[in-house]
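Each step along the sequence shown adds one to the number in full-length UniProt numbering, with nothing skipped, and position 289 is 289. The beta-carbon is built from N, C-alpha and C at its ideal position, and this holds for glycine as well.
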Amino acid sequence: MSRPEPEALDPAIVEQAIQWLVRLRFNQADEQTQRTFEHWLQQRPEHALAWQRVETLGDEFEGVPAQLARQTLKGAQQGMRRRESLKLLGVLATVGTAAWLGRDYTPLPSMLAQQRSSTGEQRRFELDDGSLIQLNSDSAVDSDFDPQRRLIILRRGEIIVNVGADEHSPKARPLWVQSRDGIMRAHSSRFLVRERDDGTLVAAQEGSVTVFPGSSQTPASRNVLAGNQLLFTPSGTRTFRDNGLDPWGWGDGVISANHMRLGDFIAELSRYRPGVLRCAEEVADRRVSGTFQLADNDRVLALIAQSLRLHIDYRTRYWVTVTAAT
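In structure tokens form, the structure reads like this:
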């Protein structure tokens, strides 16, 4: 299915958003800078929309040397032709830190993916085979079907897949999912795949999923049975530490925690709101339990502040710190 074309924005506004991204992400931002940015953001709806799109681009530079990221973004801001901009962005895949080396992923595929979600957004769509895909916050996927197989490519973030019956195909085609860390074959009607900092997490709700770290040619594969989870990297599987988060909760629009460390809870909640959300070390080991609606992040923060005696410091709407109540 094709996705609607994004709303066109004034190039001058996009340039302003890029300038703010450079100042906030790669330079020390003082309180005056934050206040000025907040004022700019609230001046016009187009400013907020431009920031939402450009901020996603900034996330692509995580782990890349700051000087290179600054040069790349400033180059885009200074009127570089589109082809030259894309070429320069692609350079990041080969001159960044070790986390980028050896992977086929550059910033461009997730930016140009067939289906994307913005920060704080969950989206649902249906593929030609009848499969239903849920995109979590700040996620991107492509699909590549041919007569022999169905392939879903996770470019960024997290998805839940309800496997379709593929009724219009003359023969049953296997369904595969590719992530940056390997490839998975679904023998399941519902499963989840999430890219994390420490690898790719796969969880099955029904049936099973076969995981091939690195590629489908990897001889060492693992089956993930219904009700189980597995974390893997290109070199193999890793120990998955259950931190008390229900991985399926976001599919119902909630974040559900069971005796979850506050620092981990805040890090998870930060995925669903733009800007910076931090937890002070002094309260990071407090524990959170409950089910909270993701549609209202500020309400979630207010509830945990009340139950755990916390203070929510809103330096700006986009710069929030959780500390101990005085």
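Practice task
Below 7 Å CB to CB, which residues in the same chain sit around E250 once its five sequence neighbours on both sides are set aside?
Solution key: Residue identity differs from the one stated: residue 250 is Trp in this sequence, not Glu. Cβ-Cβ distances below 7 Å link W250 to Q122, N136, L294 in the same chain, with the five nearest sequence neighbours on each side left out; the list follows chain order.
Problem - Secondary structure, alpha helix (DSSP H): runs of 4+ residues fully inside the region 249 to 295 - result: Here the runs fully enclosed are 262 to 269.
Practice task
Give every residue of the same chain whose Cβ lies closer than 6 Å to the Cβ of G236, excluding the five residues on either side of it in the sequence, and list them in chain order.
Solution key: Cβ neighbours of G236 beyond the five flanking positions: P213.
Practice task
Alpha carbon to alpha carbon, how far is G164 from P247? Give it in angstroms, no decimals.
Solution key: P247 and G164: Cα-Cα distance of roughly 22 Å.
Problem - Coarse secondary structure for R35, derived from DSSP in three states - result: Looking at R35 - three-state DSSP - the assignment turns out to be helix.
Exercise for the section: Along the alpha helix (DSSP H) that carries R299, what are the first and last residues, could you check? Expected result: Taken as a continuous stretch (DSSP letters only), the alpha helix (DSSP H) holding R299 covers 297 to 308.
Practice task
Identify, in the order they occur along the chain, each residue of the same chain with its Cβ nearer than 6 Å to the Cβ of Q306, setting aside the five sequence neighbours on each side.
Solution key: Once the five neighbours on either side are set aside, Q306 has no close Cβ partner at all.
Exercise for the section: List the DSSP bridge partners of S208. Expected result: The partner list for S208 (beta bridge, DSSP) reads H187, L225.
Problem - Residues of its chain near A324, where Cβ-Cβ distance is below 6 Å and the 5 sequence neighbours each way are ignored - result: Same-chain partners within the cutoff: E282, V283.
Handout entry: Residue from A186, C279, R241 whose Cα sits closest to the Cα of R222
Key = The residue among A186, C279, R241 with its C-alpha nearest the C-alpha of R222 is A186.
Problem - Residue interval of the beta strand (DSSP E) (run including Q122) - result: Where Q122 is concerned, there is no enclosing beta strand (DSSP E), given that its DSSP letter is neither H nor E.
Practice task
From the DSSP output, in three-state form, read off H311 for me.
Solution key: Residue state, collapsed to three classes: strand.
Problem - Cβ distance (whole Å) where H158 is taken to contact V202 below 8 Å - result: In the sequence as presented, His is not what sits at residue 158; that position holds Glu. With a Cβ gap of about 11 Å, E158 and V202 do not count as contacting.
Practice task
Using only alpha-carbon positions, find the residue among R44, T210, F265, R53 that is nearest to D285.
Solution key: The option with the nearest alpha carbon to D285 is F265.
Handout entry: Coil, strand or helix - L192 by DSSP
Key = Residue state for L192 is assigned as strand, using DSSP reduced to three classes.
Handout entry: Cβ-based neighbour list, L175, same chain, cut-off 6 Å, excluding 5 preceding and 5 following
Key = For L175, same chain residues with a beta-carbon under 6 Å away, outside a window of 5 residues either side, are R150, V163, A186 in chain order.
Problem - Residues near G207 in its chain [Cβ-Cβ closer than 7 Å; skip 5 each side] - result: If we look at G207 and ignore the five residues flanking it on each side, its Cβ neighbours are H187, S188, S189, A226.
Handout entry: Same chain, Cβ closer than 6 Å to V320, neighbours up to 5 away in sequence not counted
Key = Answer for V320: L277, Y314, listed in chain order.
Handout entry: Enclosing beta strand (DSSP E) for G236 [first to last residue]
Key = First-last of the beta strand (DSSP E) with G236: 236 to 238.
Problem - Top-ranked residue by Cα proximity to R317, from A12, I18, E31 - result: If we check each option's Cα against that of R317, E31 comes out closest.
Practice task
Would you mind working out which of H259, G290, G263, G253 sits nearest D296, comparing C-alpha positions?
Solution key: Put simply, of H259, G290, G263, G253 the residue whose alpha carbon is nearest the alpha carbon of D296 is G253.
Handout entry: Simplified DSSP state of R83, which is helix, strand or coil
Key = Low per-residue confidence applies at R83: pLDDT is 37, beneath 50, and the placement is therefore not dependable, though the value from the model is reported in the following sentence. R83: helix per DSSP, three-state reduction.
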